Amino acid sequence: MSKPVIKIDNVSKLYRLGQIGTGTLSHDLKRWWALSQGKQDPNEKIGVINDRTQKSKNDFAWALKDISFDIRQGDTLGIIGKNGAGKSTLLKILSRVTKPTKGNIKIKGRIASLLEVGTGFHPEMTGRENIFMNGAILGMSKKEIASKFDEIVDFAGIQQYVDTPVKRYSSGMYVRLAFAVAAHLESEILIVDEVLAVGDAEFQKKCLGKMNDVSHKEGRTVLFVSHNIYAISEICNVGVLLINGTLGYTGNIKDTIESYLNTNTSSGEVFVTSNKGIIWNEIKNREHLSDLKPDDDINFNLSFSSKNVSFDNVMLDFALYNENNENVIHSRSNWIGKKFIVSPNSDFEIKYKIKSPKLAPGKHYLTIYIYDSSGFPILHIDKIDACNINSKNYFGTSLYFDNVMSNTIPEFSIDYI
Amino acid sequence: MNSKLKTDEEDWDLCISANNSLASVNIQELWQYRDLLIMFVKRDIITVYKQTILGPIWFIVQPLLTTIIFVVLFGRIAGLSPEGVPQFAFYLISITMWSYFSETLNITSKTFTENASIFGKVYFPRLIIPLSKVISGFVKFLIQFSIFFLFWLYYLFVTKQVHPNLYIIFTPFFLLVLVLMALGFGILITSITTKYRDLSFLVSFGVQLLMYATPVAYSMSNPKVQKHHLLLWLNPLTSIFEAFKYSFLGIGEYNIFWLTYSTVFTLILLFLGIVIFNKVDKSFIDTV
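Those protein sequences? They're chains B and Y, same order as listed.
For the first sequence, the numbering used here gives the first residue as 7, with consecutive numbering after it.
For the second sequence, the numbering used here gives the first residue as 173, with consecutive numbering after it.
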């Protein structure tokens, strides 16, 4: 096992809430007074954990609280968490843009961080000038950039425009050039923050490929923040999950993603839009749905109520999503020639049955639409926690199969002819 | 925040922690980033005249026009210019020096606020930015100064109206003091403005007022300014401006005492500026 190259030890970061600049002098004086009396910094103890759903009574909040973990040489670490969980703050501290309030970090080797592409690009300067400028800002020497220059231009695919001011570039060219410079940095540690959300699909693929090369072929350490779970699971081998500024999970990437998805749904955020008098209640048969084999029939007993409205000929639309947010099954009631009637002030249950769908193991989420006879949506329930497929004893051989790459697993046979 | 930790049990290259030592200018690190410094200087100079017709000539037009206005306003109307030297040469050197000082001070005092977007995204020694402004401003100064030099040669050899002396060999040293003073003031002010914005208003018009307390439009040897002597000498710029004019034109006062005062003042200012700048640059991104 290789040695740690980054050691993060009890790192915390305190942020001031609200307006900065009003009363800072009095805060400064208060702090100075307390510290000179040998007391605790008065701003520290009032910091609560960073739960954004509640309005804090205090002026300060911990963006990060007591984070400790190690990153080893050659690891590709994925940092995941919801918006505001502290991912970017952690990267900012690691790239020395801001300092931690407490704790310390030890680093071996040179760090290049890519919190934004094109930092320091000047619109009036040509592509060539900006490559040197941007490279220098990211910590490369002129010699290093010169030796990589052709590779960078080639990767960005802007040979023709190298001597044109970048303000004349299309936004895609601009971003490609910026990423190309950063991707060719010669540093032992590379920090990347969601920059892949730019460019077309082809270029995104190229970026992911480049990052794979950087970590797996060149053996460099990569820290990667993204909301794209697919990209994370492709590139990373270890993961860190941040929840409201605290360390939620750290370990191999598969488990980290799993616990991230669990926290995501257990919070019970169900997105329901109903303004036409139909009310969503619940899934009745949770027990059945929590423990299924791939070839089991899946039954959803869905409970609704209606207010003082009635509809003839409503259409039901169901879509089942997997953990990667891919739609695996889609069904509509009119495909099988069925229409439903909603009578006023009543409860009604719908049974949606899928015959032996052979879904790959994992959690699945259900989206429901109800349309009226003119095709207008009258109820929308977005991705509720629906069912869980286990892999147990499906083929009668092993209790667990790994590396499932497909959305469904049909029964199959492989034989000599 | 960052220091080489060779004595640690393991050989860490970098340690990021909450407490940072006072006044640790990492010269070695600045040296590592010298390419970036050169790049910033180049950028400042190149981008100024991109898409202009006159290009770098703008560097020259500006002081020449200002000088003509000063000659009319302060020389002819107010009668502040000294006897015996060509007014044009007198005001040209004053304005060249003053515009270097004021522009450098103005731009370095905005280091943090104007570069917050870059500073928020990537690390490099923050001192690189004000240093690059000082240097690119100095390049501009040299261009403008060479124009003065041409006029000066004309007055020296053709009309024989200026009377330079041997003190001229010390002018590079006092030029350096001027440069460092602008840098010192600039980084001190930008460090404080990250938290207390009021100062930026004070600076922008304070610099304008400072010009009148500096012998730009007049000379200290002018009998009209004699009675305010001490107060004016307390301005650390005064002795340097006077020394320049005395060395090149033979007019003004060469006061060793006040020159020493200015030099010491500058060194203390620069030290203080660097200490506070270093303290602020670790955390300003959270307050700016």
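The beta carbon of each residue, even a glycine, is placed where N, CA and C say it ideally should be.
Please read all numbers here as calculations on a predicted model, not as lab measurements.
- Of all residues in the stretch 94-124 of chain B, the ones placed with a Cβ closer than 7 Å to any Cβ belonging to chain Y are Ile99, Ser101, Arg102, Val103, Thr104, Lys105, Pro106, Thr107, Lys108, Gly109, Asn110, Ile111, Lys112, Ile113, Lys114, Gly115, Ser119, Leu121, Glu122, in chain order.
- Annotation: the continuous beta strand (DSSP E) that includes Phe75/B extends over 66-78.
- Taking 8 Å as the cut-off, the Cβ atoms of Val172/B and Leu196/B do not count as close.
- Proximity of chain B to Phe296/Y at the Cβ level (cut-off 8 Å) is accounted for by Ile143, Gly145, in chain order.
- For Phe291/Y, the residues of chain B that pass the 8 Å Cβ criterion are Val103, in the order they occur in the chain.
- Our two residues, Ile290/Y and Ser189/Y, have alpha carbons roughly 22 Å apart in a direct line.
- In the DSSP assignment, Gly445/Y falls within the alpha helix (DSSP H) that extends over 428-452.
- Nearest CB-CB separation between Leu186/Y and chain B: below the 8 Å threshold.
- Taking 8 Å as the cut-off, the beta carbon of Ile359/Y is found closer than this to the beta carbon of Gly445/Y.
- At a cut-off of 4 residues, the continuous stretches assigned as alpha helix (DSSP H) that sit fully inside the stretch 180-255 of chain Y are 199-204, 206-220, 230-242.
- When Cβ-Cβ separations below 8 Å define contact, Ile218/Y makes contact with chain B.
- For the stretch 386-412 of chain Y, the set of positions with a beta-carbon nearer than 7 Å to some beta-carbon of chain B is empty.
- In this structure, Gly178/B is the residue among Asp160/B, Gly178/B, Asp323/B, His370/B with its C-alpha nearest to the C-alpha of Ala207/B.
- Residue burial annotation: Lys389/B is buried, with at least 16 other C-beta atoms found within 10 angstroms of its C-beta.
- The beta carbons of Gly247/Y and His335/Y sit no closer together than 8 Å.
- If the five residues before and after Thr170/B are omitted, its C-beta is found closer than 7 Å to the C-beta atoms of Thr132, Gly133, all from its own chain and listed in chain order.
- In the three-state reduction of the DSSP assignment, Tyr295/Y falls in the coil class.
- Here DSSP, grouped into helix, strand and coil, assigns Leu144/B to coil.
- Around the beta carbon of Asn340/B, fewer than 16 other beta carbons lie within 10 angstroms, which makes this residue exposed.
- Looking only at Leu404/Y, Phe231/Y, Tyr327/Y, Asp453/Y, the smallest Cα-Cα distance to Ile361/Y is reached by Asp453/Y.
- Here Arg226/B has Gly80, Ser193, Glu194, Ile195, Leu196, Val220 as same chain residues with Cβ atoms under 8 Å from its own Cβ, once five neighbours each way along the sequence are excluded.
- The three-state reading of DSSP puts His386/B in strand, counting E and B together.
- 8 Å or more divides the Cβ of Leu247/B from the Cβ of Thr107/B.
- The C-beta distance from Asn413/B to Asp297/B rounds to 20 Å, too long to meet the 8 Å contact threshold.
- Neighbours of Phe138/B across chain Y, judged by C-beta separation under 8 Å: Met211.
- Its chain contains Tyr272 as the residues whose beta carbon lies nearer than 6 Å to that of Phe313/Y, once the 5 sequence neighbours on both sides are disregarded; these appear in chain order.
- Interface residue (Cβ-Cβ distance to chain Y less than 8 Å): His128/B is classified as such.
- The Cβ atoms of Ile241/B and Val320/B lie no closer than 8 Å to each other.
- Close to Met321/B, with beta-carbon spacing below 9 Å, lies no residue of chain Y; the smallest spacing is near 50 Å.
- For Lys357/B, the enclosing beta strand (DSSP E) stretches over residues 353-360.
- When secondary structure is reduced to three states using DSSP, Arg116/B falls in the coil class, being assigned neither helix nor strand.
- If you draw a straight line from the Cα of Gln223/Y to the Cα of Ile117/B, it comes to about 37 Å.
- The beta-bridge partner set that DSSP reports for Ile285/B consists of Ser311/B.
- Neighbours of Ile457/Y in chain B, taken as residues whose beta carbon is under 9 Å from its own, are Lys98, Val103, Thr104 in chain order.
- With fewer than 16 other Cβ atoms from the protein chains shown falling within 10 Å of its own Cβ, Phe345/Y counts as exposed.
- By the 16-neighbour rule on beta-carbons within 10 angstroms, Val410/B is exposed.
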